[in-house]
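Residue numbering for the sequence shown follows full-length UniProt numbering, starting at 1 and increasing by one per position.
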Amino acid sequence: MKAIYFDTGGPADILNFGNIAFSDHCTEDQVLVRIKAIGINPIDCKIRTTPERFPVTFPVIPGCDGAGIVEAVGSRVNKFKPGDEVYFSQPGFNNRQGTYAEYVQVDDSLLALKPHSLSFEQAAASPLIFITAWEALHDRARITQDQTVLIHAGAGGVGHAAIQLAKLAGANVITTVSNEDKANFVKRLGADLIINYQTQDVVAEVLHWTDNNGVDIVFDTVGPDVLQNSFRCVKPYGDVVTILQSTPDTDWSEARIRNVRFSLELMLTPVLLELEDAKRHQGEILRQCATLFDAHKLQVEIARTFTLADAVAAQRFLEQDHPAGKLVLEVDS
1 MKAIYFDTGG
11 PADILNFGNI
21 AFSDHCTEDQ
31 VLVRIKAIGI
41 NPIDCKIRTT
51 PERFPVTFPV
61 IPGCDGAGIV
71 EAVGSRVNKF
81 KPGDEVYFSQ
91 PGFNNRQGTY
101 AEYVQVDDSL
111 LALKPHSLSF
121 EQAAASPLIF
131 ITAWEALHDR
141 ARITQDQTVL
151 IHAGAGGVGH
161 AAIQLAKLAG
171 ANVITTVSNE
181 DKANFVKRLG
191 ADLIINYQTQ
201 DVVAEVLHWT
211 DNNGVDIVFD
221 TVGPDVLQNS
231 FRCVKPYGDV
241 VTILQSTPDT
251 DWSEARIRNV
261 RFSLELMLTP
271 VLLELEDAKR
281 HQGEILRQCA
291 TLFDAHKLQV
301 EIARTFTLAD
311 AVAAQRFLEQ
321 DHPAGKLVLE
331 VDS
């Protein structure tokens, strides 16, 4: 089958496009999916750059997100059948294959039927970001109605999913962006206060808008410096959730004084640690999101599409341009 693969870590140009050996055999709990579209995520680039940090097998086929058509199912699979249109997020860990390919075997617990209202491209763009945002807001921070949430980088993939889920939960949303186009984008998603972090003091704006109380929840999708400032934005006994790793020089004193509940969100954990209940939970999140998509209560923004053969250009674009919304690879198979 045709696929994108690499044999050593490095920059985007180490990615190869060509034919690679593939067995279409499914284990009893797997589903063979013919891929129609692939969502591109920052984790794809991290795995490409430092594959030694992840349980991958060379040659590595990258990619977590996919949408396509079921070709075959394992003997114990009873929720899916050939011909079903599905979407999923499954990293290529622990002898699994990534999604930058024409076919992939997927654990049936991670699959959900594709939302009827979405194209394959839109569906492929959705799983990782909506699972991440859902787990961060609902499972970690336990968001409730009328809370105030600060979502950093609201125009990004995870950020724009989080804004929508927070609004559906009945929360007030503050978000940060870097330019006017992204500000207009997050305004359409329902953000209540938009802060341009290039020209405004985020902490000062948050405290002013909350009458110096701070927000109930901060969701950090950016990293160490933003995480550090987040502790000054959250109210005492509030929640800070991050999808990035703190650094050794992170100062936790403000978080301690405020008695902040701090949480980490890594949606790769169920496959990384082979946690069956957690995998089923992620499949259920996708089923609930499919219902919300079809009720037109959620949307996913696609910034640009590429062909599978153009994966090098796509990953470079993601790393250099930081677009609003998601990038997608289209597969002609």
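Beta carbons: idealized from backbone N, C-alpha and C, even for Gly.
Collapsed DSSP secondary structure at residue i in the structure displayed
i	result
asparagine 184	helix
glutamine 320	helix
glutamine 30	strand
lysine 114	coil
glycine 98	coil
glutamine 105	strand
leucine 193	strand
leucine 150	strand
isoleucine 131	helix
isoleucine 4	strand
isoleucine 14	helix
isoleucine 38	strand
asparagine 19	strand
glutamine 228	helix
aspartate 139	helix
Close-in-space but distant-in-sequence residues of the same chain around residue i (CB under 6 Å, 5 per side omitted)
i	result
aspartate 24	Leu32
proline 224	Thr247
alanine 133	Val158, Ala161, Ala162 and Leu165
aspartate 294	Pro115, His116 and Ser117
serine 263	Arg140 and Val241
alanine 12	Val312, Gln315 and Arg316
glycine 98	Ile61, Pro62, Gly63 and Gly92
alanine 37	Ala67, Phe120, Glu121, Ala124, Val328 and Glu330
leucine 292	Leu298
threonine 27	Gly74
valine 218	Leu150, Ser230, Cys233, Val234 and Val240
Residues near residue i by beta carbon distance below 7 Å, same chain, minus five either side
i	result
proline 236	Arg258 and Asn259
glycine 83	Ile69 and Val70
threonine 176	His152, Ala153, Gly154, Ile195, Tyr197 and Val202
aspartate 29	Gly74, Arg76, Val77, Asp107 and Asp108
threonine 8	Ile14
lysine 187	Ile194
The ligand NAP heavy atom lying under 7 Å from the CB of residue i
i	result
aspartate 239	The ligand content of the structure shown is nil, which means the ligand NAP is not present either.
Pairwise C-alpha distance: residue j and residue i
i	j	result
phenylalanine 22	leucine 268	24 Å
leucine 118	aspartate 249	44 Å
asparagine 172	alanine 183	16 Å
cysteine 233	isoleucine 194	15 Å
valine 271	leucine 168	28 Å
phenylalanine 54	threonine 199	37 Å
alanine 112	tryptophan 209	40 Å
valine 222	arginine 304	21 Å
asparagine 213	asparagine 229	15 Å
glutamine 105	arginine 96	8 Å
isoleucine 131	aspartate 211	32 Å
arginine 34	proline 91	16 Å
isoleucine 61	alanine 136	27 Å
glutamate 102	histidine 281	26 Å
lysine 297	tyrosine 100	29 Å
arginine 287	glutamine 299	15 Å
leucine 227	aspartate 220	6 Å
aspartate 251	lysine 79	48 Å
lysine 326	glutamate 85	21 Å
tyrosine 5	serine 89	18 Å
threonine 49	glycine 18	20 Å
glutamine 320	glycine 10	16 Å
histidine 322	isoleucine 285	26 Å
cysteine 289	proline 127	9 Å
isoleucine 56	isoleucine 20	It should be noted that the sequence gives valine, not isoleucine, for residue 56. One C-alpha to the other measures close to 16 Å.
arginine 261	phenylalanine 231	10 Å
Range covered by the beta strand (DSSP E) that runs through residue i
i	result
isoleucine 174	172-177
isoleucine 217	215-220
Residue i: first and last residue of the uninterrupted alpha helix (DSSP H) it sits in
i	result
glycine 157	157-168
aspartate 44	42-49
proline 248	Neither: proline 248 is in no alpha helix (DSSP H) and is coded neither H nor E.
valine 234	From DSSP, valine 234 is part of no alpha helix (DSSP H) but of the beta strand (DSSP E) over 234-242.
leucine 207	202-209
glutamate 330	Here glutamate 330 belongs to no alpha helix (DSSP H); instead the beta strand (DSSP E) covers 326-330.
glutamine 122	120-124
Close-in-space but distant-in-sequence residues of the same chain around residue i (CB under 8 Å, 5 per side omitted)
i	result
glutamine 145	Ala169, Gly170 and Ala171
asparagine 179	Asn196 and Gln198
aspartate 332	Thr307 and Leu308
alanine 278	Thr269 and Pro270
Exercise for review: List in chain order: all unbroken alpha helix (DSSP H) runs of 4+ residues lying wholly within the segment 61-93.
Suggested key: none
**Study point:** Sequence ranges, alpha helix (DSSP H) only - wholly within the segment 259-317, length at least 4
**Key:** 269-272 and 276-294
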